[in-house]
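K.L.:
All letters in the sequence shown, in the order written, are residues -19 to -1, 1 to 755 by mature numbering (1 follows the signal peptide of the UniProt record, and there is no 0).
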Amino acid sequence: MFSFRVLVLILGCLWLTEAARNTLNYGDKLNLSDSLVSQNGAISFGFHQQDYGRYWDGQLFGYYLATYYTEDKYLNHSIWLANRDDPIADDSGVLIVDDTGLKINRTGGNPIQLFSLQSTSIAINSSDMKLVLHNSGNLVLQGTNIENRENLVLWQSFDHPTDTFLPEPMKLGVSHGRRMSLTSWLTDSIPASGSFTLEWDPVGNLLVVRLRERVLWSGGEFLSYLNGIYNFTNVSSPDEQYLYYTIVNSTLGENPRLLLHHNAILEYGGSHVSIFTSITCDGNSREKGCKRWEGPKCRNKGDKYELRSIRTTYTDIRLTRNLSLSLNDCKDICWNDCNCLGVNADRELGCEFLTGPYDEGVLDGVPFHVIISNHSKSKTWIWILISIVIALTIIVLLSTLFYLRRRSRARMEEKFLLDLMTSEDASDTRELQTGNKGHNLNIYTAELIVSATNGFSPENLLGKGGFGPVFKGTLGDGLEVAIKRLSRGSTQGLVEFKNELILIAKLQHTNLVRLLGFCVQGDEKMLVYEYLPNKSLDSFIFDESKRKLLDWDKRFSIIEGIAQGLLYLHKYSRLRIIHRDLKLSNILLDQNMNPKISDFGMARIYKTNEACTNTNRIVGTYGYMSPEYAMDGVFSEKSDVYSFGVMVLEVVSGRKNNSHFEFERPLNLVGYAWELWKHGASLELMDPSLSDSCPKQYQVLRCITLGLLCVEDSPLDRPTMSDVISVLNGEMQLPLPKQPAFSTGRRIVETNVGDKEMENYSVNGLTVSTMDAR
């Protein structure tokens, strides 16, 4: 009987020992000869030796602490690495749970701290801490809150993925401010962080592949390709937006994973699926999820890499001994260097660039990825285009007689507008009274305007601006109008008067304020507009009580309307126009809350072949002005896009751009929106008054992301208004924004344009902003 009890005791101890193999308790150590094994025995955790850097004259090995499938005896590819970018040079590595947290000690180097107790404000009983390897493959450091004895997850490996995506509970996306993405190995055998990352875009519900920081590809079709194998689920909440998956088809084996290889091949269940290829996604096409980017002028559409066996001299080779560069990095560097002709295909690390003449097709040659130019195809297309142009020219010439007859009246109108624009003497505008010009505007007499405004009565005054006072009037037929009256003797106002009359006479769009006519009589110069009873958009958005009248559907409709008006100005109007003074006070609302862009006094016409232009007279409103315009006087369509982006963020948030926010440092609205987006908390920007009327949170997120794209520092990175319309209609996927300009609320110091002072005038419906010298 005694022997039986002893046997039971011994077996029980052995069972407890076996059960504890998945846990590293406080004070325990894990060295090179030890390992943890999950309770189901499928996953192990411990040190292993692997190639970590190949130099030009040999190879070095290092030790990594990793999780891996237990049955993978040769450790072909680990699941997760604790020190992928900091391998241990010898076998001295020891993992320990102690009073500082969780760390790897080693000789000849500083400890590798995986988790520090100093990083949390919660009082933790360090002696209760333990590291547990779960069956899911997740390493979890657990601890106890001293105050309430609550068990807490202090750290887990799933929050720091490497190149492997495991089934639930592993996530890809944003969770409580932490962004989780996959980063490939540097090469097939070197675990260091490589060239490619795979991310989840919660706004567009898309997978995104980057080469370093550049977006190469995005798409959602890939997930449907794996349907029937894995079941993918997208979770979206105020604190979390992420993707996870579960197993549907268990016939793929007992070791499921999605693995991002160093060449952007995604492996699942032992099969390899190409997310994209560098040949397809070369920056020239948007097909199959590829992204287009600006390449150097020396590269043509259709240029590509081809593997060739070549022979050359050492003088035509340039070496870069940077071991953090992979072959993909080298090809990207070469592509952007107009002096580079190719890259050595045998180099795993560092770059060997071809810069001079070479012979190809040789038997004893060296394999190089050589850039093959597409000049011949380009020349063929040029001749085709020339032929088309000639044919179209002939057709146009045959139609000249008919065209000239119809054009005669248009020329009279253009001459009238040109005379008005170029005249510096106010007396030249008296010719407008004749009514013989080819414009479509009503010409009103001064007597009619005086009668309509009751002698410019103070009761009819709507407001004042740099142009002059604005009055409400009622014409004889009962039509209510708004009348802008040029201040007498105002040279600045005369220029704006001419500019606004010239531009708006040619504009017809439902989202632009409608000019009914004008009056030029003696010293009186006035513009007559339709009267909009709801006045300007800022009077609603920035008013605590009136903003509640604009639910999310109305705000989104207003954003769409402004975008349509801007698209018309930039692309579809008879003249290409840059507004230059877009802000909420210049957006008027009719009785149905439809937006109308107003105040064209600062607008500029530019030619269709002009990408941008500049000025020595900077006008507009700081906070809405793009950085290149505010600092250097350079403006383009993208200047209006920047102002539009600021307005979108104001409409969504209900706050002014010059509001101050404290987020680790003082920020304006643009900067605050950027910080919230980075931390996956963009919905916190939404106007609190919308919380009960906004079921379309995806639409709010789309608008916030679009606003951040519009206020990016470089004009080239901002979308066109055509792209904006496509995004709002859900026809175009959103790229990830970059850090915007003017995000810290700093003041602008002007150079080369003189010292100027900005004044913002609100005229209760119609506004104009001017700049006066100090």
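Glycine included, every Cβ here is placed at the ideal spot set by N, Cα and C.
(1) Kindly identify the DSSP beta-bridge partner or partners of residue 123.
(2) In three-state DSSP terms, what is residue 199?
(3) Based on Cα-Cα distance, which residue from 199, 222 and 564 lies nearest to residue 157?
(4) Output the boundary residues of the alpha helix (DSSP H) element that contains residue 533.
(5) Give the DSSP-derived three-state secondary structure of residue 368 in the structure shown.
(6) Tell me whether the beta-carbon of residue 238 lies closer than 7 Å to the beta-carbon of residue 145.
(7) Going by DSSP in three states, residue 629 sits in which element: helix, strand or coil?
(8) Alpha carbon to alpha carbon, how far is residue 558 from residue 615?
(9) Can you grab the Cα-Cα spacing for the pair residue 153 / residue 694, in whole Å?
(10) Name the two residues that bound the continuous beta strand (DSSP E) containing residue 332.
(11) Express the C-alpha separation of residue 92 and residue 124 in angstroms, rounding to a whole number.
(12) What whole-angstrom Cβ distance do residue 658 and residue 689 have, given they're in contact under 8 Å?
(13) Give me, in chain order, the residues of the same chain whose beta-carbon lies closer than 7 Å to that of residue 195; leave out the 5 immediate sequence neighbours on both sides.
(14) Where does residue 551 fall in DSSP's three states?
(15) How do the region 604 to 612 and the region 540 to 552 stand: do at least 3 beta-carbon pairs fall below 8 Å, yes or no?
(16) Taking DSSP's pairing of strands, which residues face residue 46 in a bridge?
(17) Threshold first: 3 residues or longer. Then list the beta strand (DSSP E) segments lying entirely within the region 643 to 721, N to C.
(18) For the beta strand (DSSP E) containing residue 6, list its first residue and its last residue.
(19) Pop quiz: residue 188 and residue 181 are said to be a contact at Cβ under 8 Å. What is the actual Cβ separation, rounded to whole angstroms?
(20) Going by beta-carbon coordinates alone, are residue 331 and residue 303 separated by less than 7 Å?
(21) If we count the other Cβ atoms within 10 Å of its Cβ and call it buried at 16 or more, is residue 266 buried or exposed?
(22) In terms of alpha-carbon separation, which member of 19, 485 and 556 lies closest to residue 51?
(23) Quick one, are the C-beta atoms of residue 577 and residue 708 less than 7 Å apart?
(24) On the DSSP bridge list, what partners appear for residue 323?
(25) Starting from residue 610, trace the alpha helix (DSSP H) in both directions and tell me its first and last residue.
(26) Going by CA-CA distance only, name the one from 465, 520, 518 and 526 that's closest to residue 500.
(27) Comparing alpha-carbon positions, which option in 677, 568 and 137 lies nearest residue 624?
(28) Tell me which residues share the same chain as residue 241 and place their Cβ nearer than 7 Å to its Cβ, disregarding the 5 neighbours each side in the sequence.
(29) Which first and last residues belong to the beta strand (DSSP E) in which residue 756 is found?
(30) Let me know the secondary structure DSSP gives residue 416 once reduced to three states.
(31) Apart from the five residues on each side of it in sequence, which residues of its chain come closer than 8 Å, Cβ to Cβ, to residue 10?
(32) Is it buried or exposed for residue 675, if we count other Cβ within 10 angstroms and need 16 for buried?
(33) Could you give the DSSP three-state label for residue 437: helix, strand or coil?
(34) Mind reading off the beta-carbon distance from residue 226 to residue 148? Whole number of angstroms is fine, and I expect it under 8 Å.
(35) Are the CB atoms of residue 670 and residue 529 nearer to each other than 7 Å?
(36) Can you list, in chain order, the residues of its chain whose CB lies under 6 Å from that of residue 478, leaving out five sequence neighbours each side?
P.N.:
With the structure as the only source:
(1) Beta-bridge pairing links residue 123 to 111 and 134.
(2) Assignment of residue 199 by DSSP, reduced to helix, strand and coil, places it in the strand class.
(3) Ranking the options by Cα distance to residue 157, first place goes to 222.
(4) Unbroken alpha helix (DSSP H) run through residue 533: 533 to 548.
(5) DSSP places residue 368 within a helical segment (H, G or I) once states are collapsed to three.
(6) Yes, the pair counts as a contact, with Cβ atoms nearer than the cut-off.
(7) Residue 629: helix per DSSP, three-state reduction.
(8) Between residue 558 and residue 615, the C-alpha separation is close to 15 Å.
(9) Between the alpha carbons of residue 153 and residue 694 lies a gap of roughly 29 Å.
(10) Run containing residue 332: 332 to 335, per the beta strand (DSSP E) assignment.
(11) Their Cα atoms are separated by approximately 21 Å.
(12) That pair is a contact at about 6 Å.
(13) Excluding residues within five positions, the ones whose Cβ falls inside 7 Å are 274.
(14) Collapsing the DSSP output to three states places residue 551 in a helix.
(15) Contact annotation: the region 604 to 612 does not touch the region 540 to 552, with fewer than three C-beta pairs closer than 8 Å.
(16) DSSP output for residue 46 lists 28 as bridge partner(s).
(17) Listed in chain order, nothing qualifies, since the region 643 to 721 has no complete beta strand (DSSP E) run of 3 or more residues.
(18) Segment 4 to 6, the beta strand (DSSP E) holding residue 6.
(19) Taking the Cβ atoms as the reference, residue 188 lies roughly 6 Å from residue 181, within the contact range of under 8 Å.
(20) With contacts defined as CB atoms closer than 7 Å, residue 331 and residue 303 qualify as a contacting pair.
(21) Under this definition residue 266 is an exposed residue.
(22) Of 19, 485 and 556, the residue nearest in Cα terms is 19.
(23) No. Outside cutoff.
(24) Paired residue(s): 335 and 351.
(25) Where residue 610 is concerned, the enclosing alpha helix (DSSP H) stretches over 608 to 613.
(26) The shortest Cα separation from residue 500 among 465, 520, 518 and 526 belongs to 465.
(27) Selected option, being the one with the closest Cα: 568.
(28) Exclusion of the five residues before and after residue 241 leaves 144, 163, 165, 177, 179 and 247 as the residues of its chain whose Cβ lies within less than 7 Å of its Cβ.
(29) Absent from the model: residue 756. The displayed extent of the chain is -19 to 755, so no value can be given.
(30) With a pLDDT of 42 at residue 416, under the threshold of 50, the predicted position of this residue should be treated as unreliable, and no value is reported.
(31) Only residues of its own chain outside the window of five on either side were considered, and among them 75, 76 and 77 have a CB closer than 8 Å to the CB of residue 10, listed in chain order.
(32) With a threshold of 16 other beta carbon atoms within 10 Å, residue 675 meets it and is buried.
(33) In the displayed model, residue 437 falls within coil according to three-state DSSP, outside both helix and strand.
(34) That pair is a contact at about 6 Å.
(35) It is a contact, given that the beta carbons lie within the stated cut-off.
(36) Contacts found: 467 and 506.
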